[in-house]
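For reference, the structure is listed below as structure tokens.
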Amino acid sequence: SAEMGITGGDLKETQFHNSYNLNFKMSGETDTGLSFGATYRLDADGSSEENQNPVGDNGTVFISGAFGKLTLGDTDGAADWAMQETAMGTSITDEGTTHVGYSGNSLGDGRHDDQVLRYEYAFGDFGVALSVEHDDGNTDDGDDFDPIIGLGGKYKTEFSGVTLGFGLGYQTGEGSVNQLTPIIEGAFDLDRDEVEDALSDTANEFLQATFGSGKQGFDAYGLSVSAGMDNGFSAVLNYSVVDFDDAYDITYYGVGFGYEMGALLLHMNYGVEEYDFGNEFLGFDVDMEDRFDSFGLIANYDLGGGAILAAGYASDVSYRDGDQEQFSLGMSLSF
Amino acid sequence: SAEMGITGGDLKETQFHNSYNLNFKMSGETDTGLSFGATYRLDADGSSEENQNPVGDNGTVFISGAFGKLTLGDTDGAADWAMQETAMGTSITDEGTTHVGYSGNSLGDGRHDDQVLRYEYAFGDFGVALSVEHDDGNTDDGDDFDPIIGLGGKYKTEFSGVTLGFGLGYQTGEGSVNQLTPIIEGAFDLDRDEVEDALSDTANEFLQATFGSGKQGFDAYGLSVSAGMDNGFSAVLNYSVVDFDDAYDITYYGVGFGYEMGALLLHMNYGVEEYDFGNEFLGFDVDMEDRFDSFGLIANYDLGGGAILAAGYASDVSYRDGDQEQFSLGMSLSF
Amino acid sequence: SAEMGITGGDLKETQFHNSYNLNFKMSGETDTGLSFGATYRLDADGSSEENQNPVGDNGTVFISGAFGKLTLGDTDGAADWAMQETAMGTSITDEGTTHVGYSGNSLGDGRHDDQVLRYEYAFGDFGVALSVEHDDGNTDDGDDFDPIIGLGGKYKTEFSGVTLGFGLGYQTGEGSVNQLTPIIEGAFDLDRDEVEDALSDTANEFLQATFGSGKQGFDAYGLSVSAGMDNGFSAVLNYSVVDFDDAYDITYYGVGFGYEMGALLLHMNYGVEEYDFGNEFLGFDVDMEDRFDSFGLIANYDLGGGAILAAGYASDVSYRDGDQEQFSLGMSLSF
Chain F
656 SAEMGITGGD LKETQFHNSY NLNFKMSGET DTGLSFGATY RLDADGSSEE NQNPVGDNGT
716 VFISGAFGKL TLGDTDGAAD WAMQETAMGT SITDEGTTHV GYSGNSLGDG RHDDQVLRYE
776 YAFGDFGVAL SVEHDDGNTD DGDDFDPIIG LGGKYKTEFS GVTLGFGLGY QTGEGSVNQL
836 TPIIEGAFDL DRDEVEDALS DTANEFLQAT FGSGKQGFDA YGLSVSAGMD NGFSAVLNYS
896 VVDFDDAYDI TYYGVGFGYE MGALLLHMNY GVEEYDFGNE FLGFDVDMED RFDSFGLIAN
956 YDLGGGAILA AGYASDVSYR DGDQEQFSLG MSLSF
Chain H
656 SAEMGITGGD LKETQFHNSY NLNFKMSGET DTGLSFGATY RLDADGSSEE NQNPVGDNGT
716 VFISGAFGKL TLGDTDGAAD WAMQETAMGT SITDEGTTHV GYSGNSLGDG RHDDQVLRYE
776 YAFGDFGVAL SVEHDDGNTD DGDDFDPIIG LGGKYKTEFS GVTLGFGLGY QTGEGSVNQL
836 TPIIEGAFDL DRDEVEDALS DTANEFLQAT FGSGKQGFDA YGLSVSAGMD NGFSAVLNYS
896 VVDFDDAYDI TYYGVGFGYE MGALLLHMNY GVEEYDFGNE FLGFDVDMED RFDSFGLIAN
956 YDLGGGAILA AGYASDVSYR DGDQEQFSLG MSLSF
Chain B
656 SAEMGITGGD LKETQFHNSY NLNFKMSGET DTGLSFGATY RLDADGSSEE NQNPVGDNGT
716 VFISGAFGKL TLGDTDGAAD WAMQETAMGT SITDEGTTHV GYSGNSLGDG RHDDQVLRYE
776 YAFGDFGVAL SVEHDDGNTD DGDDFDPIIG LGGKYKTEFS GVTLGFGLGY QTGEGSVNQL
836 TPIIEGAFDL DRDEVEDALS DTANEFLQAT FGSGKQGFDA YGLSVSAGMD NGFSAVLNYS
896 VVDFDDAYDI TYYGVGFGYE MGALLLHMNY GVEEYDFGNE FLGFDVDMED RFDSFGLIAN
956 YDLGGGAILA AGYASDVSYR DGDQEQFSLG MSLSF
């Protein structure tokens, strides 16, 4: 697929944007009828000559049959798999999914080596999945972390002309203090680029005091509810909590609305992420909270044949104080 | 496509050469009959194991219909699009197009982020194009430059058995002092590798004094005339001027001749680039000129099916004093 | 092709493994019936997000006809081409071919720029090949080395129900002291990562004294014999010597056995590499020897359609003292 158009906002000049995704999809079948396959993607962002160099992503290998489906690679954990995100439609620089209050429901995925093994099984309108992401010790984050184990279930039904979907996910494991950068950014009003430096000074000391070794067990829960009506209206609700052992929580609420009429899709989503942590530092009780909320707007017009006219607006794309908006307008092309 | 053969000359040992271009071409059509598509290319040079790693290039996205064609990406500006270059045929290490006196007629393209938006429209034997390359501020070259705007027109006709083509281009915008390296190399007799160092010392000081901020407005004009005869002979003439605001000019003259007989193509082109600048430096009047001229020779024999036997010779491939020749012999394969 | 599964052993935690090979095969035919083509491969290892970035490999260009076949690129030298390796089957992290006592019969290939030109010709059951790998001076290893010239021959026949294959290879040229790292590792009991450091200190001094300039002429010989029986049993024998000018030898013995029954393949190979060098150092006579032997085990079950269940075990994958075993279990998928 490819994109062309313009993008701009508070953090960048209004500028051209073109980008490329080369999707490689491989599939086969064993003599006994098992399906197997693999996916791999090369991404190139055309915003400068250099950025046309390819970056690999989304590699997965899978095998499926009557027993269900087993997938290994850069794929969703079970909770993410079960939950439906609030975003719909597309825009060339992803305003619908990249604002600060938005959550993709990873619930801890990708904290180790981003190599997830997921087993899923469907029966009728129900689906369940189990996932494991292992810390293989290949990253230099000190001694090994516990694996991240995920469990997810979903259910689809129809009720007097309304399609209903429910997703429920749970993940547990260990993560590192480095993943707390958003709250540090918020608490100390730091630019994303300054956080790494800050982390080695006071902020880091503070975090070390607050969270000890930097290794944190966590439990995460998530729920999604979606509804689609014959008249083209649809809505998705998301709720999730990531609860770290030492009194550190991230709570997320999100809602998305869509309206489809013929070739037109209008969408908005709104999300809130609340960070809450409390501990003792240099003899003082510390109780800090921060809250990010923002919304995204998407308008798509389907030209047919894989071409979509796409506009996007995000109200805030940086954890800095104040709102940093972003927009884009262009064409999204699938081949 | 792929190449195999040998290459050598004054600047490298005679050695094997093999290289690969993987072209990805995507296309589709909307419901209303608009055509759209994208191109992307992975290049790999086999001169060493490491160089087999892929480099992305030539990414473009386009949409076309009765309104004309709109292309965004690593593509020609309007002037380059309108003008026909003097080179013909192919050789495995590009001796026809890489000698110092040769110009690809970019007339300023690629000075910003190499992301050009071009609109083109054809009516009968005429074609016109308009292009914009924007400085998106993503490169660290100080404050923003004016965009480069291009305008081009071309015309094809036949006159008593001779096919005639005319191309006319104009581009205007701002460029930086860094693009003047060829003249610095010439003026100070520096190796291309030494120029960056030199630029931070005396040469740079000199340039700063000469050109002020290093930001230079320019106007560029170009003209190409081509003629093809039934007996296999053809010729192309090129003339262009890039005129920077503060008394700095680059003038280019080029000529190319070709002769095709059956599977055989013989080609030679010759080009002259004249650099002329004058200004005040430390109270002295400075008037410097430099001139590069060189030629390229190409012999191709088409074996059919996409295979071409290709020989190339370039008289001078470095701005250093004296001529540094280069040659190659091999096969160019298209699939 | 793609792989999924688990791998582990003495040097790494038991962990997930997924990887991708995208093979590009291009071919064509000239008007006179010559075949030509090219191969190129992008490899991506999924063990972490970063490692999904593509790496280029295996690029070759070839042309073939009644005159034989000419191949240029990342391909086998003539000796490697002629000889059959002892390994059979597959495993996801290559336990059959990566243990320390195993040799892939390169006999010096890849010491320069890994760009080999090979000519091969077949007549009846016989095949011969000639290869050249040139030091193109693009690598910073001092002054130029002599090219590596290879000669290989093979012969296939059948004798009372037994398929027999013979391969014979000879290569001569110059290599650098840097390729002796395995013996340094063995002699000084160094980790592979520590060798580079060591080479710049005592070990290097020692080597310089021992081998002079670090440039060493060598002659290499290799022989392979293979036998396949109707009952599914097969065996391969390998023997090779790489003889450096100044009293430095590497001798390799290898044997592989296979048994195929229906979809099942069982394989084991065993190899011994003996390093022997003697010279004078600080007035003392030095006579050092080292010896690595190890084995690999492979079990494959062919599920059909390109899917193979693959298990592998290697007894020793590091030159360190003692044995460092490695294993893997997974699926190898071809599409």
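Residue numbers (this note's numbering), protein chains in the order written: chain F, 656 to 990; chain H, 656 to 990; chain B, 656 to 990. All C-beta atoms in this analysis are idealised placements derived from N, C-alpha and C, irrespective of residue type, glycine included. Keep in mind the model is a prediction, meaning the values are calculated, not measured.
> Of the residues F/Ala918, F/Phe814 and F/Asp731, which one's Cα is nearest the Cα of F/Ala882?
Replying inline: F/Phe814
Go ahead and pull the three-state DSSP assignment for F/Gln981. strand
Neighbourhood of B/Thr730 by C-beta, 7 Å cutoff - its chain only, sequence neighbours within 5 removed: Thr715, Val771 and Arg773
With a CB to CB cut of under 6 Å and the five nearest residues on each side skipped, what residues in its chain are close to B/Asp801? So the qualifying residues of the chain are Gly828 and Glu829.
Where does H/Gln739 fall in DSSP's three states? coil
>> Just checking: is the beta-carbon of B/Gln707 within a distance shorter than 8 Å of some beta-carbon in chain F?
In response: Against chain F, the CB of B/Gln707 has a partner CB under 8 Å away; the residue lies at that interface.
Which residues in the same chain as F/Leu725 place their Cβ atom closer than 6 Å to its Cβ, once the five residues preceding and following it in sequence are excluded? Taken in chain order, the residues that qualify are Ile718 and Tyr774.
Whole-angstrom Cβ separation of H/Asp948 and H/Val972, contact assumed at under 8 Å?
H/Asp948 to H/Val972, Cβ: 13 Å. No contact.
request  = Write down every uninterrupted run of the alpha helix (DSSP H) in the segment 698 to 786 of chain F whose length is 4 residues or greater and which is fully enclosed by it, in chain order.
outcome  = 733 to 737
**Report entry** Min CB distance H/Tyr675 to chain B below 8 Å
**Finding:** Answer yes: the Cβ-Cβ gap between H/Tyr675 and chain B drops below 8 Å somewhere.
What number of angstroms, rounded off, separates the C-alpha of H/Tyr894 from the C-alpha of H/Tyr908?
5 Å
Roughly how many angstroms lie between the CA atoms of F/Asn676 and H/Gly692, to the nearest whole one?
13 Å
Practice problem: Identify, in the order they occur along the chain, each residue of the same chain with its Cβ nearer than 8 Å to the Cβ of F/Asp900, setting aside the five sequence neighbours on each side. | Solution: Gln871, Gly872 and Phe873
Next on the checklist: Counting C-beta neighbours from all protein chains within 10 Å, is the total for H/Arg696 16 or more, i.e. buried, or is it exposed?
Outcome noted: buried
Review point. Between the C-alpha atoms of H/Ser970 and B/Ser983, what's the straight-line distance to the nearest angstrom?
Key: 57 Å
Item to complete: Kindly indicate which three-state DSSP category B/Thr789 falls into: helix, strand or coil?
Response: Contrary to the premise, residue 789 of chain B reads as His rather than Thr in this sequence. Looking at B/His789 - three-state DSSP - the assignment turns out to be coil, as it is neither helix nor strand.
Short of 7 Å Cβ to Cβ, which residues in the segment 667 to 700 of chain H face chain B? Glu668, Gln670, Phe671, Asn673, Tyr675, Leu677 and Ala699
- Message: Pairs of beta-carbons, one from the segment 684 to 691 of chain B and one from the segment 758 to 766 of chain B, closer than 8 Å: are there three or more?
- Response: no
Kindly list, in the order they appear in chain F, the residues whose Cβ is closer than 9 Å to that of H/Gln739. Chain F residues near H/Gln739: none, gap ~24 Å exceeds 9 Å.
Q. Given H/Phe679, which residues of its chain have a CB within under 6 Å of its CB, disregarding the five upstream and five downstream residues?
A. So the list reads Tyr695, once near-sequence residues are dropped.
H/Gly960: contacting residues in chain B (beta-carbon distance under 7 Å): Gly683, Glu684, Thr685 and Asp686
Listing by chain order, which chain B residues have their CB less than 7 Å from the CB of H/Met659?
Val716 and Leu727
Item to complete: Taking only beta-carbon positions, decide if H/Gln826 is within less than 8 Å of chain F.
Response: For H/Gln826, the answer is no, since every Cβ of chain F falls outside 8 Å of its Cβ.
| said: Let me check one thing: in DSSP terms, what residues is H/Val927 bridge-paired to? | reply: H/Val927 is bridged to H/Tyr908 and H/Asp948.
Using a threshold of 8 Å, state whether the C-beta atoms of F/Ile905 and F/Tyr930 are closer than that.
Yes, the pair counts as a contact, with Cβ atoms nearer than the cut-off.
- Query: How is F/Tyr974 classed by DSSP in three states: helix, strand or coil?
  - Reply: coil
Worksheet item: If we cut at 8 Å on Cβ distances, does F/Leu921 have a partner in chain B?
Response: no
Checklist entry - Going along the chain, which residues of the segment 752 to 783 of chain H sit with their C-beta nearer than 8 Å to a C-beta in chain B? => result none
### Query
Over what stretch of residues does the beta strand (DSSP E) that includes B/Thr669 continue unbroken?
Lys667 to Glu684
- Task: Could you tell me whether any Cβ in chain F is nearer than 8 Å to the Cβ of B/Phe888?
- Result: no
Self-check item: Best match in H/Gln979, H/Thr818 and H/Ala962 for proximity to H/His754 [C-alpha to C-alpha]
Solution: Per the Cα distances, H/Gln979.
- Message: For H/Ser989 and H/Gly913, what's the separation of their Cα atoms in angstroms?
- Response: 22 Å
- prompt: Who are the neighbours of H/Gly711 on chain F, taking C-beta pairs under 7 Å?
  reply: Ala699, Gln707, Asn708 and Pro709
Leaving out five residues on either side along the sequence, give the residues of the same chain with a beta carbon under 6 Å from the beta carbon of B/Ala875.
Leu762, Gly763, Gln826 and Val897
* Straight-line Cα distance separating F/Lys667 from H/Lys667 -> In a straight line, the C-alpha of H/Lys667 is about 44 Å away from that of F/Lys667.
Worksheet item: Does the beta-carbon of H/Asn886 have 16 or more other beta-carbons within 10 angstroms, so that it is buried, or is it exposed?
Response: exposed
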